[in-house]
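**Student:**
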Amino acid sequence: MSGTCLCIKAKWIILKSWLVPSSLPILHRRKSQRQKKERQQPDVFQCTSQQHQNNQLRRPSHCTSCSSRPSSEIHQEDRQAQSIFKRRPSQSSQMTMADLQRESEKIIDLFLLAMDELNYAGDSQGTFYYVNDRVSAQEAIENFSSASMQLLAIAHDPHFKSQLQAMVRPRLLLLQTKFNALPEVNDPLTYRHSIYCS
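According to the numbering used here, the sequence shown holds residues 240 to 437 in order.
1) Please tell me whether E342 and L390 are closer than 8 Å, where the distance is taken between their beta carbons.
2) Taking Cβ to Cβ, would you say L421 is nearer than 8 Å to G365?
3) Between the C-alpha atoms of Q404 and A394, what's the straight-line distance to the nearest angstrom?
4) For N358, which of helix, strand or coil comes out of DSSP?
5) I'd like the list of long-range same chain contacts for S363, defined as Cβ closer than 6 Å, with 5 residues on each side in sequence excluded.
6) Could you tell me the alpha carbon to alpha carbon distance between F383 and F350, rounded to whole angstroms?
7) If you follow the alpha helix (DSSP H) that S375 is part of, which residue opens it and which one closes it?
8) Assuming A205 and I347 form a contact by the criterion Cβ under 8 Å, report the distance between their Cβ atoms to the nearest whole angstrom.
9) How many Å lie between K417 and S401 at the Cα?
10) Grab me the residues of D338's own chain with a C-beta within less than 6 Å of its C-beta, minus the 5 sequence neighbours each way, in chain order.
11) Thinking C-beta only, is A376 closer than 8 Å to A353?
12) Whose C-alpha, out of I380, P409 and F399, is nearest the C-alpha of Q340?
13) Comparing C-alpha positions only, which one of V424, E381 and N425 sits nearest to L412?
14) Pick out whichever of N425, D396, L414 and V407 has its Cα sitting closest to the Cα of E356.
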């Protein structure tokens, strides 16, 4: 048993002496490369700090709010400004029929949102949420109405205008009728107050 242990130990020593010397140059090379990188890094850091100081020494532009913001935010705001609800009538000639159709679909979405808000307000009568739900319904109706008026002002095609008016008028009347049917919060005759039993 001891003979086999000695044989294994001898083989291990031979194997170790065979492996370690060949790996030493690799380790030494990696160490020298790491030290070289560490010497070069302060120079890079110094250059970036000098650029940062130069940027701070520059005079701010007249539009500091635009120049200080990242470009992604500015591009996002530009895309939002190109929406129908941000455009002025002077830019309406650039809108194609496909653009007008897309904007009319947005108006239909606003109508559906206003209907949902009215349903929420109707369901929450007599609860703590009714006041806020009623305000949200009123705001949704106003958003639908103002967006429709803006699209009517921008559209130049008479056929599209007549179709849009035919779509908007009955829906706006329906929304206003449903909203008027909601009781006022301070009206004791029509508002259903919750009755709590102690």
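Glycine residues also receive a C-beta, built at the ideal position from the N, C-alpha and C atoms.
If you're wondering where the values come from, they're calculated on a predicted model, not measured in any experiment.
**Tutor:** Concretely, from the data shown:
1) As a first step, residue 342 is located in the sequence shown; it is residue number 103 there, counting from the start. As a first step, residue 390 is located in the sequence shown; it is residue number 151 there, counting from the start. Contact: yes.
2) The residue given as residue 421 occupies position 182 in the sequence shown. The residue given as residue 365 occupies position 126 in the sequence shown. In terms of Cβ geometry, L421 and G365 do not form a close pair [threshold 8 Å].
3) Residue mapping note: residue 404 aligns to position 165 of the sequence shown, counting from 1. Residue mapping note: residue 394 aligns to position 155 of the sequence shown, counting from 1. Using only the alpha carbons, I get a separation of about 11 Å.
4) As a working mapping, residue 358 is identified with position 119 in the sequence shown. Helix.
5) Taking the sequence shown and counting its residues from 1, one reaches residue 363 at position 124. Result list for S363: Y369 and D372, in chain order.
6) Sequence index remark: in the sequence shown, residue 383 carries index 144 (1-based). Sequence index remark: in the sequence shown, residue 350 carries index 111 (1-based). Rounded to the nearest angstrom, the two C-alpha atoms are 6 Å apart.
7) By 1-based counting over the sequence shown, the position of residue 375 is 136. Membership of S375 in the alpha helix (DSSP H) is indicated by the continuous run Y369 to I393.
8) For residue 205 there is no data in the structure shown, the boundaries of the chain being 240 and 437.
9) By one-based count along the sequence shown, residue 417 stands at place 178. By one-based count along the sequence shown, residue 401 stands at place 162. Roughly 25 Å between the two C-alpha positions.
10) To locate residue 338, count along the sequence shown from 1; it is residue 99. Same-chain partners within the cutoff: there are none.
11) Against the sequence shown, residue 353 aligns to sequence position 114. Against the sequence shown, residue 376 aligns to sequence position 137. Contact: yes.
12) What you label residue 340 is simply residue 101 of the sequence shown in a count that begins at 1. Of I380, P409 and F399, the residue nearest in Cα terms is F399.
13) Within the sequence shown, numbered from 1, the residue matching residue 412 stands at position 173. Here the closest residue by C-alpha is E381.
14) As a first step, residue 356 must be located in the sequence shown, where it is residue number 117. The residue with the shortest Cα to Cα distance from E356 is L414.
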